[in-house]
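Here the structure comes first, spelled out in structure tokens, and everything after it is commentary.
Numbering (this note's numbering), first residue to last: 1428 to 1532.
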């Protein structure tokens, strides 16, 4: 999370639904009945710089950043931000937890 910039003023940010109960409340507002929810571990592993770059440069917001600032500048920024996650073998491993919810209509 240290690599994620703070949300703009007034915005909730990318982790707004991470707190238990928030995702379920949203499902209920949509007319669904939550059945199960929890957190799951989902590590991201990349064997080398190029694989990490390909994986992390594909989401839409990063594509816009590349168009604005140039691919090489963004690539270096991404690889620099990954430095704390470097493994002894030269790859990267990021430990992630994701929140999920299952609901029925």
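Quick reminder that beta carbons are idealized off the backbone N, C-alpha and C, glycines included.
Excluding the five sequence neighbours on either side, which residues of its own chain have a C-beta within less than 8 angstroms of the C-beta of residue 1471, listed in chain order? As a working mapping, residue 1471 is identified with position 44 in the chain shown. The answer, listed in chain order, is 1482, 1519, 1520, 1521, 1523.
Take the Cβ of residue 1429 as the centre, count every other Cβ of all protein chains shown within 10 Å, and call the residue buried at 16 or more, exposed below. By one-based count along the chain shown, residue 1429 stands at place 2. Confidence at residue 1429 is low in this model, with a pLDDT of 49, below 50, so the placement of that residue is unreliable and no value is reported for it.
So what's residue 1429 in DSSP terms, helix, strand or just coil? Along the chain shown, read from residue 1 onward, the residue named residue 1429 stands at position 2. At residue 1429, the pLDDT of 49 sits below 50, so the modelled position is not reliable and the matter cannot be decided from this model.
Might you give, ordered along the chain, the residues of its own chain that have their beta carbon closer than 8 angstroms to the beta carbon of residue 1553, omitting 5 neighbours on each side? Only positions 1428 to 1532 of the chain appear in this structure, which leaves residue 1553 out of reach.
Boundaries of the alpha helix (DSSP H) in which residue 1530 is found, first to last residue: For the purposes of this step, residue 1530 is identified with residue 103 of the chain shown, where counting begins at 1. Residue 1530 -> not in any alpha helix (DSSP H); beta strand (DSSP E) instead, spanning 1524–1531.
Please list the terminal residues of the continuous alpha helix (DSSP H) segment that includes residue 1508. Here residue 1508 is taken as the residue at index 81 of the chain shown, counted from 1. Run containing residue 1508: 1498–1508, per the alpha helix (DSSP H) assignment.
Is residue 1471 helix, strand or coil by DSSP? Counted from its first residue, the chain shown places residue 1471 at position 44. Residue state, collapsed to three classes: strand.
How would you label residue 1495, buried or exposed, when you count the other beta carbons within 10 angstroms and need 16 or more for buried? Residue numbering aside, residue 1495 sits at position 68 when the chain shown is read from its first letter. Counting Cβ neighbours within 10 Å, residue 1495 comes out exposed, since fewer than 16 surround it.
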